[in-house]
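A.B. asks: Just dropping this structure here.
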Amino acid sequence: MYSLQWNINSYSNAPIQANHADLRQGAIFHVPANWRLAQVTHTGTGETEIVQVRVAGIGSMYFLPVSVIDLVGGGVDMGTAHAMLWGSTWKYAPAPCRSSSQSSLNDRAYSFFWKTPVEGSCAKRARYLIPGMEYTSMNFAYELRTPNPLKMSSGQYTGSLVYGIGPGQDFDFGDLMIPNESVITLNFKLDVEHTLKVEIPPGGNRVELVPQEGWQAWLNSGSKPTRLFRDQRFHISASSRFKMRLECQHVSGNTCAISETGTGHAVPVDIKVTLPEGLTDAGGQPVDQRPLRLDGSGTELFQPGFYVDRRLGMLHFEVARGSVEEMLDSGAKAYTGSVTVIWDSEV
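In this text, residue positions in the sequence shown follow the UniProt record's numbering: the first is 1, and each later residue adds one.
The structure is reproduced here in structure tokens:
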């Protein structure tokens with residue numbers, strides 16, 4: 001809950017009669033305690049989101065033209081006089097408002113703050129004639145519901161919400177207490193900053209593809225390896241959407257390749273990614289060995305369901321069986337190539 005002090009005062013346009021039948025002819029507060037919606041717009045992309053606001057409390061100081069003791073006929077202290085003037089002091093809020101611990105007083109003024117859990121009119125009936133009254137130092141508390149930042153783009157969102165002030169308006173103080181302003185505007189500025197950080201362990205930028213049991217097992221048994229592969233760990237921290245794609249030194253179709261330097265013979269490398277729990281694709285599905293392609297298809301959008309903080313993911317590199325057989329039959333000794341895996345927050 002937040003609070004705002006506003007430079008708005010209200011003044012009575014007629015005396016407040018003792019025991020007035022119409023509550024609107026005395027002290028009454030009706031504020032926008034229900035949730036209101038305000039649209040905020042990204043200053044760069046034009047994306048829109050909704051902010052929800054409700055007024056959770058209202059406070060002020062009522063100021064009397066003469067001593068409250070004189071208004072009630074004298075012979076009592078000022079605390080008792082304030083209670084006599086209204087039947088009870090303004091420390092105690094009338095329903096549906098609720099009391100708070102905030103109040104102070106002197107012989108001509110009483111400051112108060114009432115909570116507004118629901119929207120409704122909170123009224124105090126005068127027990128004595130009050131020739132005039134003023135509300136000064138008005139303030140209100142509000143609650144704010146912001147959009148889910150995990151679904152918002154980085155940058156600044158702005159918007160505003162306008163409330164009317166006066167009889168029959170959003171902030172309504174009855175028919176006698178007239179404010180010196182007719183509107184109040186709440187301006188919203190939401191700054192969204194996201195994290196996308198990927199950490200590769202030392203040496204992880206050099207990936208050696210090997211058979212399941214290693215090269216020595218092939219040399220000892222003589223059986224050809226069925227595939228060459230390597231799983232490379234990484235840690236990811238993410239609070240926003242991102243996409244993934246490849247860039248290759250050698251290209252084979254929609255993926256990267258490794259090439260033998262002397263002959264130029266090349267074979268494709270299948271590259272896949274597994275993301276940790278909390279990161280899903282656009283359809284909300286987990287990402288388990290999702291193929292990475294040059295055109296980015298299938299990896300256009302990954303999104304967090306909650307803030308992912310340095311969770312473990314995996315890159316999978318593999319040369320399939322048919323390509324392994326080509327490599328062995330060619331007599332080549334070494335295949336190399338550079339693969340760049342890109343995590344891109346510009347979605």
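Beta carbons: idealized from backbone N, C-alpha and C, even for Gly. Computed from a predicted model, the values in this text were never measured in an experiment.
#1: Compute the Euclidean distance between the alpha carbons of Thr274 and Gly59, then round it to the nearest angstrom.
#2: How do the region 84 to 101 and the region 120 to 134 stand: do at least 3 beta-carbon pairs fall below 8 Å, yes or no?
#3: What residue does the alpha helix (DSSP H) around Trp35 start on, and which one ends it?
#4: May I ask you to report which of helix, strand or coil DSSP gives Gln303?
#5: Val339 and Leu246: beta carbons closer than 9 Å?
#6: To the nearest angstrom, how far is the alpha carbon of Arg241 from that of Arg24?
#7: Count the other CB atoms within 10 Å of the CB of Leu312; is the residue buried (16 or more) or exposed (fewer)?
#8: Thinking C-beta only, is Gly155 closer than 9 Å to Phe188?
#9: For Tyr92, which beta-bridge partners are listed by DSSP?
#10: Three or more C-beta pairs closer than 8 Å, one from the region 249 to 268 and one from the region 291 to 310: is that the case here?
#11: So does Leu228 have its beta carbon nearer than 8 Å to some heavy atom of the ligand ADP?
#12: What residues match up with Lys235 in a beta bridge as DSSP calls it?
#13: Could you tell me the boundaries of the alpha helix (DSSP H) in which Thr80 lies?
#14: Lys91 to Ser153, Cα distance in whole Å?
#15: Of all the alpha helix (DSSP H) runs that stay within the bounds of the region 123 to 186, which reach a length of 4 or more residues?
#16: Hey, how far is the Cα of Gln5 from the Cα of Ile184?
#17: Less than 9 Å between the C-beta atoms of Ile8 and Asp172, yes or no?
#18: How about Arg194 and Ala238: do their beta carbons lie closer than 9 Å?
#19: Measuring CA to CA, which of Val198, Val118 and Gly132 is closest to Pro32?
#20: Taking Cβ positions, are Tyr307 and Leu196 nearer each other than 9 Å?
#21: How far does the beta strand (DSSP E) with Leu105 in it extend, from its first residue to its last?
#22: Distance, Cα to Cα, Thr299 vs Gln232?
C.D. replies: On the basis of the coordinates in this document:
#1: 55 Å
#2: yes
#3: First-last for Trp35: undefined, no H or E at that position.
#4: strand
#5: yes
#6: 52 Å
#7: exposed
#8: no
#9: DSSP lists no partner for Tyr92.
#10: yes
#11: The ligand ADP is absent from the structure shown, which contains no ligands of any kind.
#12: Rather than Lys, the amino acid found at residue 235 in this sequence is His. The partner list for His235 (beta bridge, DSSP) reads Glu199 and Leu312.
#13: Met78 to Trp86
#14: 45 Å
#15: none
#16: 12 Å
#17: no
#18: Looking at the sequence provided, one finds His at residue 194 rather than Arg. Result yes, Cβ atoms of His194 and Ala238 sit closer than 9 Å.
#19: Val118
#20: no
#21: Arg98 to Leu105
#22: 18 Å
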